[in-house]
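Visitor:
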Amino acid sequence: MNTICCAAVFLLAVQPRPDYSDRERHPLAPSLPRLTKDEYAKIDTAIDRFVLYDIGKLKGAEGKNALDDFNRLGSESIFNLIDGLNRAANMESSCPAVIISKRVASILLSTEDMELLKFAQYNIGADVTAKRHLGVLKDLQATILLRKGTLQRRTLAGGAKAVSAMSFAELETAIGKTSGTQLKSLLAETERRQGAKAVDLLLLGMASDSPDITKYSQGLLTKNLLRQPGDVLKAMLKHERREVRIAAAGAIGARRLRFGSELIGLLLDSEHDARQAARRALGQISGGTDHGPSADASFTEREASVARWREWWARQK
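Using my numbering, you'd call the opening residue of the sequence shown number -18 and step up by one each time.
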C-alpha cells in the first residue's frame, strides 16, 4: 500500500478547477453540470491512473502526475468516483477504496442536492462482492443518511435549499414567490438549464411587474437559447410568444445551424420582428445571401421572398 497516497487525500489542489457554471444541469443531480463524454472519460482515466499509482504500478513523475490529477477532481466527478470506488472495493489492495471513499464522503457531506444523495445511496456498493471493504461502504451509507437527515431538518425548519439543487418544479414555485436579487438568482439558475421548461420559467420572469426583472429575463432568454439543443430551438420557432420565436431565430443564426426550412417558414410569421429575425438568420447561415423580405414588404412580396429562399435552400441540399 502506498502510504504517501493515503495521506494525499487531504491535500487541496492549488490549480483552479474548471468553471462549469454555464453548463446544462445533470438530470440525476441538478446541482452538478452535465459533462461531455470526453470529459467523463478523462475523469475515469484520472481515477484509474490514481489506483495504479496507489498500488505501486505508476512511479516517479508519472505517479506524481496521477496523484495530482486525482486531487484536482471536483464534485462534478462524483458519478465516476462512485464507480471507481465500487471497482476498488472489489480489489485486494485496501488504500484505493479507502481514499476514494473519503473523497466521495467529502462531496456528499457538502452537497445540498437530495437527488445526488439518493443516487449515491442506491449506487454505492452496487456489484461489490468482496467483503474486505464492506465497513467502508457501510460508513458511506451512514454518511448519506446523516446528510439527508440534516437537509430534511433544515427544510422543516424553513431553511433555504441551494438554488443549484432545485428541480424545475421547485424553481417555478420559488420564482412565483420571490422578487429582487433572490428572483434574479433563481432566473440565472434557470438560464443554465436546457429544455423547453427553462424557457417557460424565463417567460415568468419576463412577465414580472418589475421592468428591471423583465429586461433581465429577456437577456437570459437570449443567452439560454444559445445553449439549447437543436430540437428545442426548432420547437421554439413555433412558440406562441413572439419574443421566443425572435430569440430562437437569433440563436440559430448565431450558431449557423442549418435549419433553412424552419427559418423560411418563419418569414410568413404574423409578427414583423419575427419575420426580420428569420431574414437575418437566413443571411447568417447562407453566408450573406439576402432574398428578403424587406421590412415594409407586402404579403405578396413576402410570399415571393419565401419562394426565392426555398429555391436557394433546395440548391443547398
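Even glycine gets a Cβ: it sits at the ideal position worked out from N, Cα and C.
Might you give, ordered along the chain, the residues of its own chain that have their beta carbon closer than 8 Å to the beta carbon of N(-17), omitting 5 neighbours on each side?
Guide: Along the sequence shown, read from residue 1 onward, the residue named residue -17 stands at position 2. Confidence at N(-17) is low in this model, with a pLDDT of 49, below 50, so its placement is unreliable and the value that follows should be read with caution. For N(-17), where only same-chain residues beyond five positions count, the Cβ hits under 8 Å are Y34, D35, I36, G37 and C76.
Visitor: Roughly how many angstroms separate the alpha carbons of A177 and L214, rounded to a whole number?
Guide: Here residue 177 is taken as the residue at index 196 of the sequence shown, counted from 1. Here residue 214 is taken as the residue at index 233 of the sequence shown, counted from 1. Approximately 9 Å, taken between the alpha carbons.
Visitor: Can you tell me whether A143 is helix, strand or coil according to DSSP?
Guide: What you label residue 143 is simply residue 162 of the sequence shown in a count that begins at 1. Reduced to three states, the DSSP call for A143 is coil.
Visitor: Going by C-alpha to C-alpha distance, which of I233, T195 and R223 sits closest to Q209?
Guide: Against the sequence shown, residue 209 aligns to sequence position 228. The shortest C-alpha separation from Q209 is found at I233.
Visitor: Are the CB atoms of T131 and L152 within a distance shorter than 8 Å?
Guide: Counted from its first residue, the sequence shown places residue 152 at position 171. Counted from its first residue, the sequence shown places residue 131 at position 150. Result no, Cβ atoms of L152 and T131 do not sit closer than 8 Å.
Visitor: Work out the CA separation of Q199 and D193 for me, nearest whole Å.
Guide: Walking along the sequence shown from the start, residue 193 turns up at place 212. Walking along the sequence shown from the start, residue 199 turns up at place 218. Taking the straight line joining both Cα atoms gives about 10 Å.
Visitor: Hey, how far is the Cα of V32 from the Cα of K40?
Guide: Walking along the sequence shown from the start, residue 32 turns up at place 51. Walking along the sequence shown from the start, residue 40 turns up at place 59. Approximately 12 Å, taken between the alpha carbons.
Visitor: Whose C-beta lies closer than 7 Å to the C-beta of L167 among residues of the same chain, with five residues either side of it excluded?
Guide: For the purposes of this step, residue 167 is taken as the residue at position 186 of the sequence shown. Only V144, L152, A155, I156 and T159 meet the Cβ criterion.
Visitor: What three-state label does DSSP hand A111 in the structure shown?
Guide: On the sequence shown, residue 111 is found 130 positions in, with the first residue counted as 1. DSSP places A111 in coil when its eight states are reduced to three.
Visitor: Could you give the distance in angstroms between the alpha-carbon of R226 and the alpha-carbon of R68?
Guide: What you label residue 226 is simply residue 245 of the sequence shown in a count that begins at 1. What you label residue 68 is simply residue 87 of the sequence shown in a count that begins at 1. Going by the C-alpha atoms only, they are around 48 Å apart.
Visitor: Nearest to H272 by alpha carbon, out of K298, S251, L244 and L126?
Guide: Within the sequence shown, residue 272 is the residue found at index 291, counting from 1. That would be L244, whose Cα lies nearest to the Cα of H272.
Visitor: Please list the segments of the beta strand (DSSP E) lying wholly inside the stretch -5 to 68, counting only runs of 3 or more residues, in order along the chain.
Guide: For the stretch -5 to 68, whole beta strand (DSSP E) runs of length 3 or above, ordered along the chain, are 10 to 14.
Visitor: Assuming L218 contacts L247 (C-beta within less than 8 Å), just tell me the rounded distance between them.
Guide: For the purposes of this step, residue 218 is taken as residue 237 along the sequence shown, with counting starting at 1. For the purposes of this step, residue 247 is taken as residue 266 along the sequence shown, with counting starting at 1. Correct: roughly 6 Å between the Cβ atoms.
Visitor: So A295 packs on S286, CB below 8 Å; how close in whole Å?
Guide: Walking along the sequence shown from the start, residue 295 turns up at place 314. Walking along the sequence shown from the start, residue 286 turns up at place 305. Actually they do not touch by this definition, with Cβ atoms about 15 Å apart.
Visitor: Which class does G269 belong to by DSSP, given the choice of helix, strand or coil?
Guide: The residue labelled residue 269 in the question sits at position 288 within the sequence shown. It is coil, neither helix nor strand.
Visitor: Mark G116 as exposed unless 16 or more other C-beta atoms lie within 10 angstroms of its C-beta, in which case mark it buried.
Guide: As a first step, residue 116 must be located in the sequence shown, where it is residue number 135. G116 is exposed by the Cβ-count criterion.
Visitor: Can you name, in chain order, every residue of its own chain whose Cβ lies under 6 Å from the Cβ of P274, other than the five neighbours on each side?
Guide: If you number the sequence shown from 1, residue 274 lands on position 293. Hits under 6 Å: E282, R283 and S286.
Visitor: What are the boundary residues of the alpha helix (DSSP H) that F280 is part of?
Guide: By one-based count along the sequence shown, residue 280 stands at place 299. It spans F280 to Q297 - the alpha helix (DSSP H) in which F280 sits, taken as one unbroken run.
Visitor: With a Cβ-Cβ cutoff of 8 Å, do H114 and A86 count as a contact?
Guide: Locating residue 114 in the sequence shown gives position 133, where the first residue counts as 1. Locating residue 86 in the sequence shown gives position 105, where the first residue counts as 1. Their beta carbons are not under 8 Å apart, which means H114 does not touch A86 by this criterion.
Visitor: Buried or exposed: where does D308 fall if 16 or more other Cβ atoms within 10 Å of its Cβ makes it buried?
Guide: Outside the shown range of the chain, which is -18 to 298, sits residue 308, and nothing can be said about it.
Visitor: Which of the three DSSP states is assigned to P77 in this structure?
Guide: Stepping through the sequence shown from its first residue, residue 77 is reached at position 96. Of the three classes helix, strand and coil, the one that applies to P77 here is helix, per DSSP.
Visitor: At the level of alpha carbons, what is the spacing between V(-5) and K23?
Guide: Looking up residue -5 in the sequence shown gives position 14. Looking up residue 23 in the sequence shown gives position 42. Note on V(-5): pLDDT 39, under 50, position unreliable in the model; the coordinate value appears next. The alpha-carbon atoms of V(-5) and K23 are separated by roughly 19 Å.
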